[in-house]
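In our numbering, the protein residues as written are 29 to 231.
Working notes, beginning with the structure itself.
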Amino acid sequence: MALQGFIDVLDGADRQAMLVLNFNGGSFADVLAEVFSSRLVWVPWALFLIYYLMFVRKRSRWQVLAVIVGLVVVVTLCDQVSSSLLKPLVGRLRPSHDDGISEALHYVGGYRGGLYGFVSSHAANAFGAAAFSSLLLRKRMFTVSIFVFSILVSYSRIYLGVHYLGDVLGGCLLGVYVGFGTYWCYKMLVRDSSFFKRIQFAR
């Protein structure tokens, strides 16, 4: 009973936060939210990472490929755990499908997402990729930039009306956990292995 009461309090706070964070910011904000919510927004970051590793760090194609595979693993794990496991398991309705709040929210282009929202796959993917890549490069400016970018990606889901703040925070935690875990596995199996001993990304 006490646990259910605590959950009810958190749910109420999440709904109040949603009403504050989701608003009609006009056509420019609508387009900006759609851009940050698009998967294509990550293309410039991916190209920058490949360029930096190959032409600044002077890494070989095989070394760059190892990083790309690591990122694919991170995104795949984040996406599958959030969408195929947690969302149907938890069964929390998105705010856009919740009759108690849906009519009070701002949406863009009629988009309302799928039925369940916990946790946010966008937030998990963004923070997973950010955690993994920041550990690889160990550059303060890159780390700050990629995490600020990930926050904007995550917030775009709230602005679009398809995720509560709690959904996003849960996705962020999942992403960081997967990103750090995948980096640890990469470090043990690839970077520090005798076969790939020459691969040293983090200096």
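All C-beta atoms, glycine included, are put in the ideal place defined by N, C-alpha and C.
Cβ neighbour criterion (16 or more within 10 Å) applied to residue i
i    : result
Y79  : exposed
S65  : buried
G128 : exposed
M169 : exposed
G54  : exposed
P72  : exposed
Where the alpha helix (DSSP H) through residue i begins and ends
i    : result
N153 : S149 to L165
G53  : Counting along the chain, G53 falls outside any alpha helix (DSSP H), and DSSP gives it neither H nor E.
Assigned secondary structure, residue i (DSSP; H/G/I helix, E/B strand, else coil)
i    : result
Y144 : strand
L60  : helix
V190 : coil
S66  : coil
G40  : helix
G199 : helix
G207 : helix
G33  : helix
Y139 : coil
Residue i versus residue j - alpha carbon distance
i    : j    : result
G142 : S111 : 10 Å
D39  : L31  : 12 Å
G145 : F208 : 23 Å
L113 : G203 : 14 Å
G199 : L77  : 23 Å
L105 : A45  : 28 Å
R87  : V118 : 43 Å
L266 : V103 : Any property of residue 266 remains undetermined from this structure, which presents the chain solely from 29 to 231.
E62  : R185 : 9 Å
L81  : V147 : 32 Å
heavy atom of the ligand FAD below 7 Å from residue i C-beta
i   : result
V95 : In the structure on display, the ligand FAD does not appear, and there are no ligands present to speak of.
is_contact[residue i, chain C] using C-beta, thresh 8 Å
i    : result
R120 : Absent from the structure is chain C; it holds one protein chain and no more.
query: Which whole runs of the beta strand (DSSP E) in the segment 72-136 are 3 residues long or more, in chain order?
result: You should have found no qualifying run.
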